[in-house]
Amino acid sequence: MASKRPHWDLYNHELSEFNSGHALDPSPVADSERIEPGDVGYIRTGCFHLLFSAGLPLGERRLGSDVPRTFKRLDVGKIVKGAPLAAGALCTKDVRETRVHSTPSEVSSTPASSPPPSPQMGSTSVTSFRLTGGQGAALLTKYSTYREDIQRTGTFEKYAKEHYDSWVTFARETGHGDVNPVLITGVDRTRDFAMMCYSNGDDDLECQFTTSAPGATDWGTWQKTGLVYTNHGPQLRCPPSSVQATELASSNDGNARTVADEYNQCVFIRYYTVRKRLGIPRIIKAAAGPHELGRGGYDGDGPSLEAHYDSEQDSDSDSESDTASSIFDNDSDDDGCSILSDDTESDVVMHNTTVDGRDDFDVIADYIFHNSDANSVLLHHQDVALLRELGGSADLPAQLFERRPQITVDENGGLFPL
1 MASKRPHWDL YNHELSEFNS GHALDPSPVA DSERIEPGDV GYIRTGCFHL LFSAGLPLGE
61 RRLGSDVPRT FKRLDVGKIV KGAPLAAGAL CTKDVRETRV HSTPSEVSST PASSPPPSPQ
121 MGSTSVTSFR LTGGQGAALL TKYSTYREDI QRTGTFEKYA KEHYDSWVTF ARETGHGDVN
181 PVLITGVDRT RDFAMMCYSN GDDDLECQFT TSAPGATDWG TWQKTGLVYT NHGPQLRCPP
241 SSVQATELAS SNDGNARTVA DEYNQCVFIR YYTVRKRLGI PRIIKAAAGP HELGRGGYDG
301 DGPSLEAHYD SEQDSDSDSE SDTASSIFDN DSDDDGCSIL SDDTESDVVM HNTTVDGRDD
361 FDVIADYIFH NSDANSVLLH HQDVALLREL GGSADLPAQL FERRPQITVD ENGGLFPL
């Protein structure tokens, strides 16, 4: 049965098994702005939309229109550069890849198990995919992909807890609507990309990506059969100028230098975000802990989930916000904490709801809200990666149900720590 997810959700869901963060449906436009750690924005239809850069000084930006009225600069600190990902295809388990390299004198086939060429794929190549298993996805890059991540995770956690409410208000007041803001902590960038995803029941499909001949404005094109979503970039938004056309025609390696001169194609992002209780009854209230879950609960070998409260209104929150309540409002006991108690029935609750349209953060938040009286939780992709590594091939809801990790609640804001 085909998934009901839109293609951008399906693509991210499938590539989440690589624990690289949120897989974007990248903007193919050549002049796409770089996404940087410290950016605050939201994701819509698979693309990241910038609200403002928290890591930059206020400068000439105006409070209330360019940044939140309560804006305070975030000290981003040192950026750690990880090992680059070699050029080639990143495929989910049901995508079978066969790469064919073409030159004027020979055509050779390279099995998918062979290492991809590095630092870039050959300029004349065809990469074919056999699409099995009902659904899957693949990311293809011509150049290496470079990773950057923050080092000061504690600083970012605190900043997100203190200012999240103001981001929600700012997005609404500037016309972006009701969104779930995210604070970028890491990015994976490359110069070119091609991606595809599919969901077509049990039918086998095929598609292939062919790199362009010298002088082309795009580095390649997709050919496909069946319902397969594809994208590639960068692409020129308008026809090239006479100068650009001359440069493209004189290119020796088939690369559109005026198009792909920068590593601004962001294929993965990592971030902090918040989920709050909406319409889920607070079924458990007790004294401060922490305590272990009841029958079948946490045995100390798995991860622990932390969800939190602020016992006082955030001093940086906008008092004129029309949000119903602060994300971190605390209506628990006077000690500022509400935890599972030893004498409270605490079987783990996992509702049997469809996962279509819900990401891993929604699944974790659902688990926390149904098994504690927490109001909110602060989440990061490292948390999801840890659960996936511990659970092997099991899906995330099954891992949570089987492991039943401990839930801790304190007064410092939402967090799901490693």
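Here the sequence shown is numbered in the UniProt record's numbering, starting from 1 and rising by one per residue. For each residue, glycine too, the CB sits at the ideal point set by N, CA and C. None of the values given here were measured: they were computed from a predicted structure.
Between the Cα of Thr98 and the Cα atoms of Gly21, Leu131 and Pro6, which residue gives the shortest distance?
-> On the sequence shown, position 98 is the one that residue 98 refers to. The residue with the shortest Cα to Cα distance from Thr98 is Leu131.
Around the C-beta of Pro181, are 16 or more other C-beta atoms found within 10 angstroms, so that it is buried, or is it exposed?
-> The residue given as residue 181 occupies position 181 in the sequence shown. Counting Cβ neighbours within 10 Å, Pro181 comes out buried, since at least 16 surround it.
Can you give me the Cβ contacts of Asp299 inside the same chain, cut-off strictly under 7 Å, excluding the 5 residues immediately before and after it?
-> By one-based count along the sequence shown, residue 299 stands at place 299. Per-residue confidence for Asp299 stands at a pLDDT of 39, beneath the threshold of 50, marking its modelled position as unreliable; no derived number is given.
Determine the direct distance from the alpha carbon of Leu24 to that of Val267, and round the result to whole angstroms.
-> To locate residue 267, count along the sequence shown from 1; it is residue 267. To locate residue 24, count along the sequence shown from 1; it is residue 24. C-alpha separation (whole angstroms): 5 Å.
According to DSSP, residues forming a beta bridge with residue 426 | This structure leaves residue 426 out entirely; the chain is present only between 1 and 418.
Going by CA-CA distance only, name the one from Thr92, Ala86 and Cys47 that's closest to Arg147.
-> Counting from one through the sequence shown, the residue named residue 147 turns up at place 147. The residue with the shortest Cα to Cα distance from Arg147 is Ala86.
Status (buried if at least 16 other CB within 10 Å, exposed otherwise) for Arg34 = As a first step, residue 34 is located in the sequence shown; it is residue number 34 there, counting from the start. Residue environment: Arg34 is assigned as exposed (fewer than 16 neighbouring CB atoms within 10 Å of its CB, all protein chains considered).
Taking the C-alpha atoms as reference points, what is the distance between Gly133 and Arg69?
-> Looking up residue 133 in the sequence shown gives position 133. Looking up residue 69 in the sequence shown gives position 69. The alpha-carbon separation between Gly133 and Arg69 amounts to approximately 50 Å.
DSSP three-state call for Arg388: helix, strand or coil?
-> Here residue 388 corresponds to residue number 388 of the sequence shown, with the count starting at 1. Three-state DSSP puts Arg388 in a helix.
Evaluate contact between the region 196-209 and the region 56-69, counting only Cβ atoms and requiring at least three cross-stretch pairs below 8 Å.
-> Short answer: they don't touch.
Own chain residues within Cβ distance below 6 Å of Tyr159, not counting five before or after = Sequence index remark: in the sequence shown, residue 159 carries index 159 (1-based). Spatial neighbours of Tyr159 in its own chain (CB-CB distance under 6 Å, excluding positions within 5 residues in sequence) are listed in chain order as Leu74.
Where does Ala171 fall in DSSP's three states?
-> Against the sequence shown, residue 171 aligns to sequence position 171. In this structure, Ala171 counts as helix in the three-state DSSP scheme.
Within the same chain, show all residues whose beta-carbon is closer than 7 Å to that of Gly220, passing over the 5 residues directly before and after it, in chain order.
-> As a working mapping, residue 220 is identified with position 220 in the sequence shown. Ala194, Phe209, Thr210, Thr211, Ser212 and His232.
If you draw a straight line from the alpha carbon of Thr230 to that of Asp373, how long is it in whole angstroms?
-> Counted from its first residue, the sequence shown places residue 230 at position 230. Counted from its first residue, the sequence shown places residue 373 at position 373. Each residue's Cα considered, the two are about 43 Å apart.
Mark Glu262 as exposed unless 16 or more other C-beta atoms lie within 10 angstroms of its C-beta, in which case mark it buried.
-> By 1-based counting over the sequence shown, the position of residue 262 is 262. Sixteen is the threshold: since fewer than 16 other Cβ atoms of the shown chains lie within 10 Å of the Cβ of Glu262, the residue is exposed.
CB-CB length for Gly82 against Ile184, believed under 8 Å | For the purposes of this step, residue 82 is taken as the residue at position 82 of the sequence shown. For the purposes of this step, residue 184 is taken as the residue at position 184 of the sequence shown. Between Ile184 and Gly82 the Cβ distance is about 15 Å, and since that is not below 8 Å, they are no contact.
Counting only the same chain and skipping the five closest in sequence on each side, list residues whose C-beta sits under 6 Å from that of Leu58.
-> Within the sequence shown, the letter at position 58 stands for residue 58. Take Leu58, set aside five residues on each side of it, and no residue of its chain has a beta-carbon closer than 6 Å to its own.
Using the C-alpha atoms, what's the distance from Ser166 back to Gly186?
-> The residue labelled residue 186 in the question sits at position 186 within the sequence shown. The residue labelled residue 166 in the question sits at position 166 within the sequence shown. Each residue's alpha carbon lies about 22 Å from the other.
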